[in-house]
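Chemist:
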Amino acid sequence: MCRRCLDSTHSEGRDWRGLIVGALLGLLLSGCGSAPTGSDAQQEKAAAEAAAGVPVEPVLPPEAVQQFERAVQAMSSGDLATAEQGFRALATAYPSYSGPLLNLGILHAKAGKLDEAEKAIRDAIARNGNNAAAFNQLGIVQRKQGKFKDANDAYTRAVQIDPNYALAWLNLGVLCDLYLQEPQRALEAYERYLATASAPDAKVNGWVTELKKRIGADPRSAQTGE
162 MCRRCLDSTH SEGRDWRGLI VGALLGLLLS GCGSAPTGSD AQQEKAAAEA
212 AAGVPVEPVL PPEAVQQFER AVQAMSSGDL ATAEQGFRAL ATAYPSYSGP
262 LLNLGILHAK AGKLDEAEKA IRDAIARNGN NAAAFNQLGI VQRKQGKFKD
312 ANDAYTRAVQ IDPNYALAWL NLGVLCDLYL QEPQRALEAY ERYLATASAP
362 DAKVNGWVTE LKKRIGADPR SAQTGE
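Under our numbering, the first residue of the sequence shown carries the number 162, and numbering increases by one thereafter.
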């Protein structure tokens, strides 16, 4: 499969499934971590992050967690209307949380409503400017809109927030490789992806080998992308 095809089926497709399973990322304190396991654990994490000066979202009430998980399940099963209704209700009921808006943006993007998707994701970022998943999804939407410079900025911000965000590194690499014609930056992003990914990726290893040959054969490409 070519890199252009995989741009949507590998990096974006895998990120979509990951966000269905881990969509609580955007709802959690500071927008990064694992799903909440109880109010005590959330309170402890909130206190620790507040002491460290990390912006945090309020502790999520148990009933909101249940409502959010139902919407995520509907999203995963393909019942997008129910999922959208649930996320909209949560976004209204809990205006401090970014996760419902992020997932609304994902739903809109999957339906091809890119302008609506961008607005929802930007609204999520306005609620939590440290939500790396939101910046990664914003980059995906902007790449589809042909806003390559904006997508570059969004992916870059995602990896600044979370330097170990493998899929954001992968999406940045694909953008630099195929759309910005910046092979050196693509190589660096792919290598960061491989270093942070949870499992080996033979395809991306092949791309790295190809890029190294291309850059070595034409040193100008590392600087000019020509």
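Each residue gets a CB set at the ideal place from its N, CA and C atoms; glycine is no exception.
Can you have a look at Pro223 and say buried or exposed, based on whether 16 or more other CB atoms are within 10 angstroms of its CB?
Modeler: With fewer than 16 Cβ atoms within 10 Å of its Cβ, Pro223 is classed as exposed.
Chemist: Going by DSSP in three states, Gly260 sits in which element: helix, strand or coil?
Modeler: Helix, per DSSP.
Chemist: May I have the straight-line CA-CA distance separating Gln321 from Arg231, to the nearest angstrom?
Modeler: The straight-line gap from Cα to Cα measures roughly 31 Å.
Chemist: Could you give the C-beta distance for Leu333 and Lys305, rounded to a whole number, given that I count them as a contact under 8 Å?
Modeler: With a Cβ gap of about 15 Å, Leu333 and Lys305 do not count as contacting.
Chemist: Going by DSSP in three states, Tyr326 sits in which element: helix, strand or coil?
Modeler: Of the three classes helix, strand and coil, the one that applies to Tyr326 here is coil, per DSSP.
Chemist: Which class does Ala272 belong to by DSSP, given the choice of helix, strand or coil?
Modeler: The answer is coil: DSSP assigns Ala272 none of H, G, I, E or B.
Chemist: Taking all protein chains shown into account, decide if Pro324 is buried (16 or more other Cβ within 10 angstroms of its Cβ) or exposed.
Modeler: With fewer than 16 other Cβ atoms within 10 Å, it is exposed.
Chemist: Can you grab the Cα-Cα spacing for the pair Ala347 / Ala358, in whole Å?
Modeler: The alpha-carbon atoms of Ala347 and Ala358 are separated by roughly 16 Å.
Chemist: Please name the residue in Gly367, Ser238, Ala293 whose C-alpha comes closest to that of Leu263.
Modeler: Considering only alpha carbons, the answer is Ala293.
Chemist: Are Arg283 and Leu299 closer than 9 Å when you measure CB to CB?
Modeler: Going by C-beta atoms, Arg283 is nearer than 9 Å to Leu299.
Chemist: Which residues in the same chain as Val369 place their Cβ atom closer than 8 Å to its Cβ, once the five residues preceding and following it in sequence are excluded?
Modeler: So the list reads Leu348, Tyr351, Glu352, Leu355, once near-sequence residues are dropped.
Chemist: Please say whether Gln345 and Ile376 have beta carbons closer to each other than 9 Å?
Modeler: A contact, by the Cβ cut-off of 9 Å.
Chemist: Identify the continuous alpha helix (DSSP H) that holds Asn291 and give its terminal residues.
Modeler: Neither: Asn291 is in no alpha helix (DSSP H) and is coded neither H nor E.
Chemist: Can you look up Tyr255 in the DSSP assignment and give me helix, strand or coil?
Modeler: Tyr255: coil per DSSP, three-state reduction.
Chemist: DSSP three-state label for Gly239, please.
Modeler: Gly239: coil per DSSP, three-state reduction.
Chemist: Return helix, strand or coil for Lys364, following the three-state DSSP convention.
Modeler: Three-state DSSP puts Lys364 in a helix.
Chemist: Taking 9 Å as the cut-off, decide whether the C-beta atoms of Ala315 and Gln303 are in contact.
Modeler: It is a contact, given that the beta carbons lie within the stated cut-off.
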